[in-house]
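Chains as they are written, first to last, in our numbering: chain A, 25 to 308; chain B, 1283 to 2053. Below: the structure, in structure tokens.
Structure (structure tokens):
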């Protein structure tokens, strides 16, 4: 570059330096944004520890948080999936779960499934076709319908136009579909084990304070278990307004030795978060 | 080839990180689990997790007992507890000792308010809550709780907890009839939810009576309990409890071993009255002369214990912030009554006017020795308040508190008149007074003690190691001031007015821990220092306001607990170093008063286990081994010469080496039954161990049937209780211990006194609810 000789040589040198690192400077905003994002990600967990996942909460024991059933869930009338039974054995356990508006499980996808259901019969075929592209295996469309289609089906009907693309991206999480039924049963049996462990370790608090105050109330405890069944983290999700009960409930959970996760449950997840409501009443 | 451009790389990583945390957490609710306080082993044991040795009885155990039973009887199966009762009903009182400590060394509370006598820490269990309104009784053997309001507890504490009102409307009626004209009528009304479902309340009234099983006389008791609980908002609650008791009993007579050995098991006060002597002016009528071997003052009607007491407790619990709670618990105790005995009072006298006695029998002269009724009257107003600030986080639970109490205790001893048939003109000692030389009421004692206690305390419970370790550290610092005012009376050394005050300050730490090896097995241990301020009578001894050190004890517990689906068990090894034991002795100047007479070392083992019901059957058993040894010789003076009585190394008094209890319980469907067996080992009644009473076994049985509900009448139940099923005869309580019964060198012995056990007693109880 040719600068007029008259300009300050120091200033020129600075400009020249800046020009040399112009690409780095251009990347600076993105770098700063990345740093903020990473720092922000550290705190995400904390946010989640607040009554974060409300969508699942209210369901009781009913087990089967996963809607793997999606296969059936669609308005029963859609019998076409007769081939279903053929596919995966695990299918059967699913039906019983029907009653649940399983909106629960697949956090992400489920939002809109319900509306699309009516059009099902029609889209049925459409769905199949949709499926075909993302799933190489989906060739034998009519059959796969059984399980997989339904799962994907739900999100699919939602946004027919674009979805294909989105689905291609989204399908990743949906991929492990054949397993959902296995995992549902495994998860249900695990939940029963967790309940049994807590039932064995539950104790109404004793001691001078418990005797004199005779507290009562329900405390909701959250706990994150890893696949070995160890309590990685736990806390109070909803207080009972009695400090002694909160403490007792937390201790009960933390002292319990839970079983390891069954192989099929919560596939891909290193940990899983549970909540339990402990309702304390003094002796009657 | 593909040259990653910086910007692309940065944007790419941005997206990647975004995708990374799209892996959101799904939560699974495993449902609701109900946890209820559970009765195990016939209600005699619960799974404790305290760092101190602790036992508790619950409602189920109370349901098996006779409705009139006192708290002593209700806890008599627990480890370490050596309890006796003067009769089967419990209306007359009894004795209690734990790890060698007597009831006046153990702190008692009702719903958190202290109920030991302010002056001498005596406990009168028959004056407390009606057992139908009792929820539980807990016993901390040995280590007094840091937040407990006691200044006289060297041997741990016992808490009586009343039930909360039901949250549905109900009228409960219980009627009992038994031998010896015994009856109890109880009725309680529960209001159910009031005021927008925030408040529940109950009110109950009961009347009971029973004749003495030996001699003449009876017990009569009227009792009122009331409680209101108001939940203002979640975490904020206020409750008010009121207790009122009015009872009048005739005393049972204490027995010496020689009297007992004569063979008259029913020995008691005289049941006939030989009549009065006619007053004649100018001659001395001496009513103390026995008539056909009967002493007038021994007439049963002159040995009476009328007492009224009331207790109001208010408990306010306020959640100031999440994990911060303030508890404010004021209370007020009022007690008035006396213990009276027949006596003879000599008219006249040559001492100061306050010791002289004016004409008692109206014959105009002061020569007579007249039968009178002497009442040791006590009146106590005792307000107090405990305030606690509780804070907790994940690791700590801190309690910062203050207990303040100001007890006003007035004690007098008037002597009042007896009518022609040998009955006191006023059992309360409120009329027909003997007058002294000044024309005032003649008093054997007349003093007032104001005892002020300020006790700050702080406790921290730390939960560590994945909630497996609970570490407790606490300290309380009672600052006790006793201000005594002596008004001139006829008592020895008490003729003059004087004021005196003593202060006792202590620092009482407690450190302990509970560690859970598994959720079912835990080990625990603690070291606690306890103390007992000298009784108020040490201010009024003839030597005047002694400078006596408070008794202290250091209690160490180490134990193991197991709680599973089938069995709950606990084992505690303990060691107690009890120092500065106070006892009456004579010094070189011949002055008799209380002195610190040395130490006692106690060690032992307390075991208990209870099963959860299987097919309706459950069992509870407890076993206690206690080895309490007097560590010092007893030094006293006789005619100026020192005598050292060799008590060192002897077994401490009233502490059995072995205690055992088994409770078999059956409850299934409509039938229920309970069978108790208790063994108490040999106990010494003198410090020198030259007198003892043998061990004994006693059995109680209770069987019942629950009928079907009939319309509005729910839970109609019929129960049949028998105490001392096999009608065994034995001496069961040691009422008065002495240093030696046989004497040592020139030191004269004196006979310890006892009470024999009540014979078999049967009763029937019917109860029903209307709801």
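Backbone N, C-alpha and C define an ideal beta-carbon position, used for all residues, glycine too.
Practice item. Please state if the CB of residue 1488 of chain B and the CB of residue 1412 of chain B are separated by a distance shorter than 7 Å. Key: yes
Check your understanding: Taking the alpha-carbon positions, what's the residue 1759 of chain B to residue 1785 of chain B distance?
Key -> 13 Å
Review point. Is the stretch 1417-1424 of chain B in contact with the stretch 1356-1368 of chain B, if contact means three or more CB pairs nearer than 8 Å?
Key: Inter-segment contact for the stretch 1417-1424 of chain B and the stretch 1356-1368 of chain B is present: three or more beta-carbon pairs are separated by less than 8 Å.
**Study point:** Bounding residues of the alpha helix (DSSP H) (the contiguous stretch that carries residue 1346 of chain B)
**Key:** 1341-1346
Check your understanding: Are the stretch 1558-1568 of chain B and the stretch 214-228 of chain A in contact at 8 Å, needing three or more beta carbon pairs?
Key -> no
Check your understanding: Can a CB atom of chain B be found closer than 7 Å to the CB of residue 320 of chain A?
Key -> Lying before the first or after the last residue shown, residue 320 of chain A is absent from chain A, which here runs from 25 to 308.
Review point. Can you tell me the Cα-Cα spacing of residue 1325 of chain B and residue 1906 of chain B, whole angstroms?
Key: 19 Å
**Study point:** chain A contact residues for residue 1315 of chain B, given Cβ-Cβ distances below 8 Å
**Key:** The answer, in chain order, is 219, 222, 223, 226, 300, 301, 302 and 303.
Review point. Since residue 213 of chain A meets chain B, which of its residues come closer than 7 Å, beta carbon to beta carbon?
Key: Correct list: empty, because the minimum Cβ distance to chain B is about 12 Å.
Exercise for review: Classify residue 1278 of chain B as helix, strand or coil using the three-state DSSP reduction.
Suggested key: Here chain B comprises residues numbered 1283 to 2053, so residue 1278 of chain B is not present and cannot be evaluated.
Review point. Among the residues of its own chain, which have a CB less than 7 Å from the CB of residue 1974 of chain B, if the five just before and after it don't count?
Key: Taken in chain order, the residues that qualify are 1964, 1965, 1966 and 1967.
Check your understanding: Is the shortest distance between the beta-carbon of residue 195 of chain A and the beta-carbons of chain B less than 7 Å?
Key -> Residue placement at residue 195 of chain A is flagged as unreliable, the pLDDT there being 41, under the threshold of 50; a coordinate-derived value is accordingly withheld.
Point to revise | Contact under 7 Å by Cβ, residue 1945 of chain B with residue 1335 of chain B | key: Taking 7 Å as the Cβ cut-off, residue 1945 of chain B and residue 1335 of chain B do not qualify as a contacting pair.
**Study point:** Cβ neighbours of residue 278 of chain A in the same chain (closer than 7 Å, five flanking residues each side left out)
**Key:** 255 and 258
Point to revise | Below-7 Å beta-carbon distance, residue 36 of chain A vs any chain B residue | key: no
Review point. Quick one: Cα of residue 1579 of chain B to Cα of residue 1554 of chain B, how far?
Key: 11 Å
**Study point:** C-alpha gap between residue 2038 of chain B and residue 1834 of chain B, whole angstroms
**Key:** 32 Å
Check your understanding: Is residue 1609 of chain B buried or exposed, if buried means 16 or more other CB atoms sit within 10 Å of its CB?
Key -> buried
Practice item. Kindly indicate if chain A contains any beta-carbon less than 7 Å away from that of residue 1798 of chain B. Key: Taking 7 Å as the CB threshold, residue 1798 of chain B lines the interface with chain A.
Review point. Where residue 1355 of chain B and residue 1389 of chain B are concerned, what is the direct C-alpha to C-alpha distance, given to the nearest angstrom?
Key: So the alpha carbons of these two residues sit roughly 17 Å apart.
**Study point:** Chain-ordered neighbours of residue 306 of chain A on chain B, where CB pairs are closer than 7 Å
**Key:** Here the neighbours are 1319.
**Study point:** Same chain, Cβ closer than 7 Å to residue 1729 of chain B, neighbours up to 5 away in sequence not counted
**Key:** 1693, 1766, 1767, 1768, 1769 and 1822
Exercise for review: Entirely within the stretch 1900-1934 of chain B and at least 3 residues each: give me those beta strand (DSSP E) ranges in chain order.
Suggested key: 1916-1920 and 1923-1927
Practice item. Work out the CA separation of residue 232 of chain A and residue 1385 of chain B for me, nearest whole Å. Key: 20 Å
Point to revise | Residue interval of the alpha helix (DSSP H) (run including residue 269 of chain A) | key: 267-279
**Study point:** Through-space distance from residue 1962 of chain B to residue 1638 of chain B, alpha-carbon basis
**Key:** 49 Å
Point to revise | Own chain partners of residue 1663 of chain B with C-beta closer than 7 Å, once the 5 adjacent residues on each side are dropped | key: 1616 and 1690
**Study point:** Among B:1844, B:1588 and B:1687, nearest to residue 1802 of chain B - alpha-carbon criterion
**Key:** Checking every option, the nearest Cα to that of residue 1802 of chain B belongs to B:1844.
Practice item. Report the partner residues of residue 1627 of chain B according to the DSSP bridge assignment. Key: Residue 1627 of chain B pairs with B:1652.
Practice item. Assess, as a yes-or-no matter, whether the stretch 260-277 of chain A is touched by the stretch 205-213 of chain A under the definition of 3 or more beta carbon pairs within less than 8 Å. Key: No: the two stretches stay apart, fewer than three of their Cβ pairs being nearer than 8 Å.
Review point. Rounded to a whole number of angstroms, what is the C-alpha to C-alpha distance between residue 1373 of chain B and residue 303 of chain A?
Key: If you take the alpha carbons of residue 1373 of chain B and residue 303 of chain A, they lie about 40 Å apart.
Check your understanding: Could one say the Cβ of residue 1674 of chain B lies closer than 7 Å to chain A's Cβ atoms, at least one of them?
Key -> yes
Practice item. Over the uninterrupted beta strand (DSSP E) stretch that includes residue 2017 of chain B, give me the two end residues. Key: 2013-2018
Review point. Which ranges would you report for the alpha helix (DSSP H) in the stretch 1940-1966 of chain B if only whole runs of at least 4 residues count?
Key: Listed in chain order, there is nothing to give.
Review point. How about residue 236 of chain A: is its C-beta nearer than 7 Å to some C-beta of chain B?
Key: With a threshold of 7 Å between beta carbons, residue 236 of chain A makes contact with chain B.
Check your understanding: Nearest-angstrom Cα distance between residue 1618 of chain B and residue 1589 of chain B?
Key -> Spanning the two alpha carbons is a distance of roughly 6 Å.
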